[in-house]
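Undergrad: This is the structure I want to talk about, given as structure tokens.
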Amino acid sequence: MCGIVGYVGEREALPIILESLKRIEYRGYDSCGVFVLGDGEPKLHKDAGTIDDLKENLIGSEYKGKVAIGHTRWATHGAPSKRNAHPHLDGKGEIAVVHNGIIENYQLIKEELLSLGCKFVSETDTEVIPHLINLSLKKKALPKKPGSGKFDQQTFKKSLIKNAIELKEAVKEALTRLNGSYAIIVAEKGFDGLVAARKESPLIIGVGDRENFIASDVPAVLEQTNRIIYLEEGDLAVVKKDSIYIENGGAEVRREERLIPWTIEDAEKGGYEHFMLKEIHEEPRAIMDTLRGYLMEDEIKFGIDFRGEVEGKGKDILMVACGTSYYATLCGKHIIENLAKVPVQVGLASEFNYSNFVLDGTKIIAMAITQSGETADTLMALKKAKRYGSKTVALTNVLGSSVTRIADDTIYMRVGPEIGVAATKSFIAQLVIFYLLGLLLAKKPESELVEYLEELKRMPQIAQMVLDEEDTDIQMHARYLAKYEHAFFVGRGVNLPIALEGALKLKEISYIHAEGYAAGELKHGPFALLTKDTPVVVILTHDNVYEKTMGNVKEIKARGSPVIAIAEEGDEEVEKYVDAVIRVPRTSAIFSPIPNTVALHLLAYWTAKERGCEIDKPRNLAKSVTVE
Ligand code: F6R
């Protein structure tokens, strides 16, 4: 996730761009840059730091111009550095592009462009875009006279008197080459406007008076205007100071201009009341972006030789983590052992650090799973594994965080900053990484693997289907759950960790005492607590233990507790035995943690909301726990 902005108007562009970038710094903050078009040569400045660093370095600069673009980065391809910061340019430095998204096939395009003589300065996927646009523009500049088929520099120079159609068409042609997601803004020397386009990444236009703004998100422009046009999937726009032209599929389209009544703070939350709700709604996107990052043309690539370590050297996997990340590892153990039959040990970091865990580091790959990359217990655990001679891998969401400096290698979740204290979208992204790792190491017939992969690729839609039921089903059940002071969450197999996660989420934000349990374990003690005032949330997936779990439901009902089931569409049987059903789409059992998690995250959120709790900052908690 990155933030992109553009300005075209009658005022000096740079201060406006810097202000806009600052407003969307929450979208990424490892590096940033601007490109300003004035009378002379275009000015480019990038920094491997924050927007404040960029501002500091540009104070007193001669960056004058009325057209500019800017970018604040959350690195995906290529480490955070000045070189990889946006904007990226074509070879001549005349076309500049800022991009939010992931170009899946950039390697192939890059190789092609290298063979045509293009020079690349960064490791990013984005840099192919200005080169492609440049090539398209060159083609259009070719002399039409018969016999003059070769590219002619003089003719090309003359053709630099730009018009909107030319750049727009060149951008359009370049975009036909790209697989993946993008929101881009393109500036070109000599052109008094900007061209913008989007596919699966958000982009808005802020409408001003003899000036217009483009940005990833509304807060970027809200200081300047509250007249907003939301670009839609596949839109391409040419934005000048006094005109906005939008087309889709080659034909001009009209997009409604809306008046946004939000404050800046509302806008940062995307109009949601809390960051947590916004982040739950970003779960489909989190799945998609994490898949995009590591699944290229159906090949899983982490840049780490997991196969060599596991199959070649016969190593097992050890995962250490805390809290929600720990529950993700418990689920990951099921996923990887099921798909790959590779033994996975999991350790609660705070216990692992002082345990007599028998560890032959040379036979282990140790993975630290941590959203923040700063959790003290997890860092210590990884250091311990390293001391024992393990190869170490970090799975984190924060670039350059402490864990990345300890681990030999790092895998990044690609979910953008998570601001709500309760982890949500990062948990989902961790699961996606475990599915990919399981499939990478799987020894299953090719045809079976293809089926798994196809189903995994459908998970963003599956997660979205659960979100679509939020208003009706889930909110109603949350109102019901909110009346109680104690609750149990139970599941089995791959869904036991999801029950633990559901209970953790509920207790930390609603202050209801909630316990996660293996469904078959209640009878070994907790039954003593079951009364009509202790609701039990049961995950009832159609897997090899469905009947057993249904048996547990009947036992619970016999003790008088209300039961809320998370059950799949089409499971009518369940209605006979439970008090309420939250429906989720049916998937293969192995993928059921995805819809079940989204449902439980929503249930926790709406229950806490019903109880009037401080959701984004629950009492006594912090987003990263840097003490033991
Ligand atoms: C709960 C939650 C915490 C974190 C835990 C580990 O919603 O967010 O339990 O999961 O503090 O944090 P990371 O993943 O940053 O190491």
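Position one of the sequence shown corresponds to residue -6 (my numbering), numbered consecutively onward. Heads up, the beta-carbon is just placed ideally off N, CA and C, and yes, glycines get one too. The model shown is predicted, which means the values in this text are computed figures rather than measured ones.
What residue range is occupied by the uninterrupted alpha helix (DSSP H) comprising residue 545?
TA: Translated into the one-based positions of the sequence shown, residue 545 becomes position 552. Unbroken alpha helix (DSSP H) run through residue 545: 539 to 551.
Undergrad: Going along the chain, which unbroken runs of the alpha helix (DSSP H) with 4 or more residues stay wholly within the segment 377 to 423?
TA: Taking only runs of at least 4 residues, the alpha helix (DSSP H) segments lying wholly in the segment 377 to 423 are 395 to 399.
Undergrad: Is the closest heavy atom of the ligand F6R to the C-beta of residue 440 under 7 Å?
TA: Residue mapping note: residue 440 aligns to position 447 of the sequence shown, counting from 1. Answer for residue 440: no, Cβ out of range of the ligand F6R.
Undergrad: Report yes if the C-beta of residue 501 is less than 7 Å from at least one heavy atom of the ligand F6R; otherwise report no.
TA: Residue 501 sits at position 508 when you count from the first residue of the sequence shown. Yes, the ligand F6R has a heavy atom inside 7 Å of this Cβ.
Undergrad: For residue 231, which residues of its own chain have a beta-carbon under 7 Å away from its beta-carbon, when the five flanking residues on both sides are left out?
TA: Position 238 of the sequence shown, counted from the start, is the residue given in the question as residue 231. Answer for residue 231: 157, 161, 186, 188 and 238, listed in chain order.
Undergrad: For residue 238, list the residues DSSP reports as bridge partners.
TA: Stepping through the sequence shown from its first residue, residue 238 is reached at position 245. Its beta-bridge partners are 231.
Undergrad: Looking at the structure shown, is residue 140 part of a helix, part of a strand, or coil, going by DSSP?
TA: Residue 140 sits at position 147 when you count from the first residue of the sequence shown. A caution first: residue 140 carries a pLDDT of 43, below 50, which makes its placement in the model too unreliable to give a value.
Undergrad: Do you know whose CA, among 278, 115, 413 and 333, lies nearest residue 442's CA?
TA: Walking along the sequence shown from the start, residue 442 turns up at place 449. When each option's Cα is compared against that of residue 442, the closest is 333.
Undergrad: Please list, in chain order, all residues of the same chain as residue 345 whose beta carbon is under 6 Å from its beta carbon, the five residues on each side excluded.
TA: Here residue 345 is taken as the residue at index 352 of the sequence shown, counted from 1. If we look at residue 345 and ignore the five residues flanking it on each side, its Cβ neighbours are 313 and 374.
Undergrad: For residue 511, decide whether its Cβ has a neighbour in chain E, counting only Cβ atoms nearer than 8 Å.
TA: No chain E appears in the structure shown, which is made up of a single protein chain.
Undergrad: Inspect the CB distances between the segment 277 to 288 and the segment 407 to 414 and report whether three or more fall short of 8 Å.
TA: The segment 277 to 288 vs the segment 407 to 414: in contact.
Undergrad: Just how far apart, CA to CA, sit residue 482 and residue 270?
TA: Numbered from its first residue, the sequence shown carries residue 482 at position 489. Numbered from its first residue, the sequence shown carries residue 270 at position 277. Rounded to the nearest angstrom, the two C-alpha atoms are 21 Å apart.
Undergrad: By the three-class DSSP mapping on this structure, what secondary structure does residue 309 have?
TA: Numbered from its first residue, the sequence shown carries residue 309 at position 316. Strand.
Undergrad: CA-CA distance, residue 135 and residue 221?
TA: In the sequence shown, the residue the question calls residue 135 occupies position 142. In the sequence shown, the residue the question calls residue 221 occupies position 228. Any reading at residue 135 is ruled out, since the residue's pLDDT is 44, under 50, leaving its predicted position unreliable.
Undergrad: Do you know how far the Cα of residue 343 is from the Cα of residue 621?
TA: To locate residue 621, count along the sequence shown from 1; it is residue 628. To locate residue 343, count along the sequence shown from 1; it is residue 350. Residue 621 and residue 343: Cα-Cα distance of roughly 8 Å.
Undergrad: Please confirm whether any heavy atom of the ligand F6R lies closer than 7 Å to the CB of residue 316.
TA: Position 323 of the sequence shown, counted from the start, is the residue given in the question as residue 316. Result yes, Cβ under 7 Å from the ligand F6R.
Undergrad: Which runs of the beta strand (DSSP E) fall wholly inside the segment 261 to 335 and span at least 3 residues, in chain order?
TA: Runs of the beta strand (DSSP E) inside the segment 261 to 335: 309 to 314.
Undergrad: Using a Cβ distance threshold of 8 Å, determine whether the segment 591 to 605 contacts the segment 494 to 503, with at least three qualifying pairs required.
TA: The segment 591 to 605 vs the segment 494 to 503: in contact.
Undergrad: Using the rule of at least 16 other Cβ atoms within 10 Å of the residue's Cβ for burial, across every protein chain shown, is residue 112 buried or exposed?
TA: For the purposes of this step, residue 112 is taken as residue 119 along the sequence shown, with counting starting at 1. Result: exposed.
Undergrad: The ligand F6R and residue 618: does any heavy atom of the ligand fall closer than 7 Å to the residue's C-beta?
TA: For this step, residue 618 is matched to residue 625 along the sequence shown. For the ligand F6R, at least one heavy atom lies less than 7 Å from the Cβ of residue 618.
Undergrad: In chain order, what residues of the same chain lie with their CB nearer than 6 Å to the CB of residue 626, ignoring the 5 residues before and after it?
TA: Residue 626 cannot be examined here, being either before or after the span of the chain that is shown, -6 to 621.
Undergrad: From this set, 85, 26 and 108, which residue's C-alpha is nearest residue 78's C-alpha?
TA: For the purposes of this step, residue 78 is identified with residue 85 of the sequence shown, where counting begins at 1. Of the candidates 85, 26 and 108, the one whose C-alpha sits nearest the C-alpha of residue 78 is 26.
Undergrad: Locate the beta strand (DSSP E) running through residue 40, then write down its first and last residues.
TA: As a position in the sequence shown, residue 40 is number 47, starting the count at 1. First-last of the beta strand (DSSP E) with residue 40: 36 to 40.
Undergrad: Three-state secondary structure (DSSP) at residue 248?
TA: Counting from one through the sequence shown, the residue named residue 248 turns up at place 255. In this structure, residue 248 counts as coil in the three-state DSSP scheme.
Undergrad: Mind checking whether residue 17 and residue 210 have CB atoms under 8 Å apart?
TA: On the sequence shown, residue 17 is found 24 positions in, with the first residue counted as 1. On the sequence shown, residue 210 is found 217 positions in, with the first residue counted as 1. Yes.
Undergrad: Rounded to whole angstroms, what's the CA-CA distance from residue 416 to residue 85? Just pull it up for me.
TA: The count along the sequence shown starts at 1 and reaches residue 416 at position 423. The count along the sequence shown starts at 1 and reaches residue 85 at position 92. Cα to Cα, residue 416 sits roughly 44 Å from residue 85.
Undergrad: Output yes or no for whether 8 Å exceeds the beta carbon distance between residue 592 and residue 575.
TA: As a working note, residue 592 is residue 599 in the sequence shown. As a working note, residue 575 is residue 582 in the sequence shown. Yes, the pair counts as a contact, with Cβ atoms nearer than the cut-off.
Undergrad: Taking the C-alpha atoms as reference points, what is the distance between residue 144 and residue 587?
TA: Mapped onto the sequence shown, residue 144 falls at position 151. Mapped onto the sequence shown, residue 587 falls at position 594. Confidence is the limiting factor: at residue 144 the pLDDT is only 49, short of 50, which leaves the residue's position unreliable, though a coordinate-based value still follows. So the alpha carbons of these two residues sit roughly 53 Å apart.
Undergrad: Identify whether residue 481 lies in helix, strand or coil by the three-state DSSP scheme.
TA: Reading the sequence shown from its first residue, position 488 is the one you call residue 481. Three-state result, residue 481: strand.
Undergrad: Sort 389, 384 and 385 by Cα distance to residue 366 and report the nearest one.
TA: One-based indexing of the sequence shown puts residue 366 at position 373. Looking at the Cα atoms, 389 is the closest of the given residues.
Undergrad: Quick one: Cα of residue 611 to Cα of residue 129, how far?
TA: Reading the sequence shown from its first residue, position 618 is the one you call residue 611. Reading the sequence shown from its first residue, position 136 is the one you call residue 129. Whole-angstrom Cα-Cα distance: 53 Å.
Undergrad: Starting from the Cα of residue 488, find the closest Cα among 132, 228 and 582 and give me that residue.
TA: Walking along the sequence shown from the start, residue 488 turns up at place 495. The shortest Cα separation from residue 488 among 132, 228 and 582 belongs to 582.
Undergrad: I'd like to confirm something about residue 581: is its beta-carbon nearer than 7 Å to some heavy atom of the ligand F6R, or not?
TA: Indexing the sequence shown from 1 puts residue 581 at position 588. Outside the cutoff, so no.
Undergrad: Whose CA, out of 190, 473, 394 and 19, lies closest to the CA of residue 555?
TA: Here residue 555 refers to the residue found at position 562 when the sequence shown is read from its first residue. Looking at the Cα atoms, 473 is the closest of the given residues.
Undergrad: What would DSSP say about residue 558, mapped onto helix, strand or coil?
TA: As a working mapping, residue 558 is identified with position 565 in the sequence shown. Three-state DSSP puts residue 558 in a strand.
Undergrad: Under DSSP, the beta strand (DSSP E) around residue 630 begins and ends at which residues?
TA: Outside the displayed range of the chain (-6 to 621) lies residue 630, so it cannot be described from this structure.
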